[in-house]
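Residue numbers (the numbering used here): 27 to 504.
Positions of the beta carbon are idealized from the N, C-alpha and C atoms, including for glycine.
See structure below.
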Amino acid sequence: MHDQAWDALIIGSGAGGAAAACSLVRAGKKVLMLEKGEYLPTDGSTLDVATVFGEGHFKNKQAWLDGNHKPFVPEEYYNVGGKTKWYGAALLRFAPHEFEAEPDFNCLPWPFPYTTMKPWYDKAEELLHISRFDFEPDLQMLIDRQFSTGSGWRTEPLPLGLNKRILEHPNEARHFDGFASVVGDKSEAEASILNLIKDAPNFTLLTGKDVVELVSDSCDPSLIIGASCSDDTRFLANDVILAAGAMASPRLLQRHFYRTGLDRRLPSASMLGRNFKMHMNSALMAFSATKKHDLLRKTAIFFNDDFPHSSVQCLGWMDGEILASQLPTILPRWVSNAMGARAMGFFVTTEDGSSPENRIVASNGADAPPLLDYDPQRLPASVREHQRIIRSFSARLRSAGMLPTHRAMGLSGTAHALGSMVAGNDPDTSVVDARGKVHGMRGLYVSDGSILPRSSRVNPALSIYAWGLRLGNWLAWR
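Have a look at this one:
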């Protein structure tokens, strides 16, 4: 038991947790961070296709239940830096209009406008050293032929958290999208944020700490004063920040509510775990008659005003080994090698609106798996637009002489898990307020993707970093 009081205790070391810690530590606050996982190895195994994709060695192994109570394993990661170690480094802002409600698309409003987040976006981009890379020859040729002026498509350089020196390390350049960097070429929570404060005397990061319970005042369950771990250690703090991600944070709070009866007393309890979002994502592969030689590949993003809630990004390096990890094992390797050498990959993303029925529910017993009840059919406008943009983009690829095929990421693809504790001004329709404090609670804040009222049409990481920086700054100087 560790009853020493800290200024802030942060549960989780991903984007939101790291950003909040950075603001707090730099303001002189004493911060403790608890991470369920460990540091990733630097022996090259995080760049190995067979280890990362074939074996899924670093992924979560815990089974969940879907809405039909069938088991599945979500794509979660428990390590220092969280999912940011594995993401594809795309760091984009949400557009100003994406902070507003859009009832026709089931989109909730943020509790403040874009202008409130703008300075924190600026700060996050500065910390993450965002770069833009020139389009490589194969991609440039495709853009010139099919996505130039008059096509209805707009192509922009993709803002990436990548050091330009990555081009000097071909193995890193081929393995940044879905892999964890060994030499620190990718901007992520550990390399870009936590390393700035790791040696500060007022910051401590403990790994292997699986938080299982929030600790409240003995006389008032709405006052959170710490957290307990599965190894029976306990830590106390003036403020506790949930930053374990949209899959884990709501379950910790649900268990506290059930145990203390707050689920029957607080209006926000009915919304806890609801409005879960994860984007509608599909991988689109296009095969041509000629081999492709671009290295980074993931350098462009495509928009079309006919699909205002969607975008298409290039995927990173593709070869026979990577392709084979996603294809049936009966396929001969020479076939996957030939296909991989001629493949270009794209990631089609559509904003999914909010449905209260799309939700996360904590397990009732020690051995019972948690529940993710998410059905895209509850969001028909999103489904229709996602299907339409895939057809339109595929038609362009066919006009370029390529053969496209696509596959939805499915329920296990939770890389963009969001929205299970949405921010808002009304406790009847949201879980946290505009500052990140849980409605009706004291000493408890949230700093991860669960607070996002909207998912936008782009990767959410930069918005989570910006939220965390803002929350940490407010807690430090309130």
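Go ahead and pull the three-state DSSP assignment for residue i.
i, result
"Tyr471", "strand"
"His465", "coil"
"Val361", "helix"
"Asp148", "helix"
"Ser275", "helix"
"Asp170", "helix"
"Asp164", "helix"
"Thr375", "strand"
"Ile37", "strand"
"Trp32", "strand"
"Met27", "Unreliable placement is indicated for Met27, whose pLDDT of 45 sits below 50; the coordinate value is still reported in the next sentence. Three-state DSSP puts Met27 in coil, outside helix and strand."
"Val484", "coil"
"Leu154", "helix"
"Ala443", "coil"
"Ala269", "coil"
"Ser177", "coil"
"Met344", "coil"
"Ser380", "coil"
"Ala369", "strand"
"Ser438", "coil"
"Ala421", "helix"
"Ser510", "Summary: the structure shown does not reach residue 510, with the chain confined to residues 27 through 504, and so no result is reported for it."
"Ser337", "strand"
Looking at the unbroken beta strand (DSSP E) that takes in residue i, where does it start and where does it end?
i, result
"Ile327", "Ala326 to Asn330"
"Pro430", "Leu429 to Ala434"
"Gln352", "Element bounds for Gln352: n/a, residue is neither H nor E."
"Ala295", "Note, Ala295: premise wrong, no beta strand (DSSP E); not H, not E."
"Ala312", "Met306 to Phe313"
"Met59", "Val57 to Leu60"
Using CA atoms only, rank isn't needed, just tell me which of the options is closest to residue i.
i, options, result
"Pro137", "Asp258, Trp493, Leu60 and Ala502", "Trp493"
"Val237", "Ala226, Asp257 and Asp399", "Asp257"
"Tyr140", "His155, Glu124 and Trp500", "Glu124"
"Gly271", "His465, Lys55, Arg496 and Lys62", "Lys62"
"Gly204", "Leu58, Ser389 and Ala116", "Ala116"
"Val361", "Phe372, Gly371, Phe373 and Glu347", "Glu347"
"Lys87", "Pro486, Phe333 and Pro395", "Pro395"
"Thr230", "Val338, Ala150, Val51 and Gly80", "Val51"
"Cys340", "Glu214, Tyr147 and Pro185", "Pro185"
"Val266", "Met365, Ile36 and Arg300", "Ile36"
"Tyr113", "Arg119, Glu102 and Gly252", "Glu102"
"Gly342", "Phe161, Ser473 and Trp146", "Phe161"
"Leu118", "Ser157, Leu134, Ser314 and Pro135", "Ser157"
"Ser39", "Tyr491, Ala443 and Trp503", "Tyr491"
"Pro227", "Val57, Met311, Arg468 and Leu470", "Val57"
"Asp225", "Ser254, Cys48 and Phe419", "Cys48"
How far does the alpha helix (DSSP H) with residue i in it reach, from first residue to last?
i, result
"Val51", "Ala41 to Arg52"
"Asn24", "Any property of residue 24 remains undetermined from this structure, which presents the chain solely from 27 to 504."
Are any of the Cβ atoms in chain C nearer than 8 Å to that of residue i?
i, result
"Ala312", "Of the protein chains in this structure there is only one, and it is not chain C."
Are the segment 238-247 and the segment 432-448 in contact at 8 Å, needing three or more beta carbon pairs? no
What are the uninterrupted segments assigned as beta strand (DSSP E) that are 3 or more residues long and contained completely in the segment 383-418, given in chain order? 385-387 and 397-399
In chain order, which alpha helix (DSSP H) runs of at least 4 residues are fully inside the segment 179-264? 196-200
Secondary structure, alpha helix (DSSP H): runs of 4+ residues fully inside the segment 74-123: none
Quick test of the definition: if touching needs 3 or more C-beta pairs under 8 Å, does the segment 126-140 touch the segment 200-207? no
Counting beta carbon pairs with one atom in the segment 391-406 and one in the segment 67-78, are three or more of them shorter than 8 Å? no
Stretch pair the segment 100-113 + the segment 39-51: three plus CB contacts closer than 8 Å: yes
How about the segment 370-388 and the segment 226-240: do they share at least three Cβ pairs that are nearer than 8 Å? no
Contact the segment 70-86 vs the segment 304-318: 3+ CB pairs below 8 Å: no
contact_flag[the segment 422-435, the segment 454-462] where n(CB pairs < 8 Å) is 3 or more: no
Is the segment 79-94 in contact with the segment 210-224, if contact means three or more CB pairs nearer than 8 Å? no
Does the structure place the segment 325-342 close enough to the segment 479-488 that three or more beta carbon pairs sit under 8 Å? yes
Between the segment 186-195 and the segment 166-176, can you find at least three pairs of beta-carbon atoms closer than 8 Å? no
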